[in-house]
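Just so you know, we're using the working numbering here: the sequence shown kicks off at 1323 and counts up by one.
Think of the CB as a built atom: it goes at the ideal place given N, C-alpha and C, for glycine as much as any other residue.
All figures in this text were calculated on a predicted structure; none of them were measured in a lab.
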Amino acid sequence: MIQLKRLHLIQIVHIWNTLIGIILFALLVSVSNHIALFITEGAVLAGYGNFTTFGYPATYVYMLIPVISATIYSLILTFDYSANYQTWKPSKTLRTSIFLLTFALFLASIFPVINGGDLMAEGSSLDCHWADYMQWKVIYGNPDQFPWVTGMDNACHLFRVADGFCWVMTIGWVFVSYLYVKSSLLASKA
């Protein structure tokens, strides 16, 4: 059992980042499920049969990969007790990997906001122009008869929430980067 009084602040922030990363991953999987339901049901009604091709917003992929990497890395570093030693100095490799993941998360957070940040969408991804796929929302616009038609709107809403969580995770990683730099400087003075 991990004793909270023996945890270093770095470990606590890694626990936080791991929890946020798991929630964010679940949100991104939910976005994918809503899109898949919309495409599958729309394709059947439109006469395409088993048509499952959809170009996910590129920013979705930009976000998914760093989130998985950062979450696993945080989970691993949660169990690293090295920070409890006063003379501990994080290696350059560790600090560099922390900085690179922080930068990747920053890019994953900012790309959905930037106009032109997504190759698959006009404007920003958060404007959700990608949600009107093949105009099926217009053609099958009756949610009472076609409940799946709201899938893209739900996916868009969840993607916006995911971007918010990605910003929270990015802030957590910026803080962890600061803590590693601080530990490195304190160990150099000792």
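{"Check": "Below 8 Å, how does it come out for the stretch 1469 to 1477 and the stretch 1357 to 1365: are there three or more Cβ pairs, yes or no?", "Outcome": "yes"}
{"Check": "Using only the alpha-carbon positions, how far apart do leucine 1397 and phenylalanine 1468 sit?", "Outcome": "41 Å"}
{"Check": "Which value, in whole angstroms, describes the spacing of the CA atoms of glutamine 1457 and glycine 1364?", "Outcome": "10 Å"}
{"Check": "Whose C-beta lies closer than 8 Å to the C-beta of asparagine 1464 among residues of the same chain, with five residues either side of it excluded?", "Outcome": "Val1471"}
{"Check": "Provide the residue span of the alpha helix (DSSP H) that contains glycine 1473, from first to last.", "Outcome": "1473 to 1511"}
{"Check": "Going by CA-CA distance only, name the one from Leu1331, Ile1394, Tyr1462 and Ile1420 that's closest to leucine 1288.", "Outcome": "The question about residue 1288 has no answer here: the residues shown for the chain are numbered 1323 through 1512."}
{"Check": "Please specify which runs of the alpha helix (DSSP H), each continuous and at least 4 residues long, are wholly inside the stretch 1399 to 1467, giving them in chain order.", "Outcome": "1414 to 1432 and 1458 to 1461"}
{"Check": "Report all residues from its chain with a CB closer than 7 Å to the CB of isoleucine 1337; omit the five preceding and five following residues, and keep chain order.", "Outcome": "Thr1400"}
{"Check": "Use the C-beta contact count for leucine 1507: other C-beta atoms within 10 angstroms, 16 or more gives buried, fewer gives exposed.", "Outcome": "exposed"}
{"Check": "Which of the three DSSP states, helix, strand or coil, is assigned to tyrosine 1382?", "Outcome": "helix"}
{"Check": "Throw me the rounded Cβ distance for the valine 1389 and leucine 1441 pair, which I believe falls under 8 Å.", "Outcome": "Actually they are not in contact, since the Cβ atoms of valine 1389 and leucine 1441 sit about 20 Å apart, beyond 8 Å."}
{"Check": "Do serine 1447 and threonine 1492 have their C-beta atoms within less than 8 Å of each other?", "Outcome": "no"}
{"Check": "Buried or exposed for glutamine 1333, going by 16 or more other Cβ atoms inside 10 Å?", "Outcome": "buried"}
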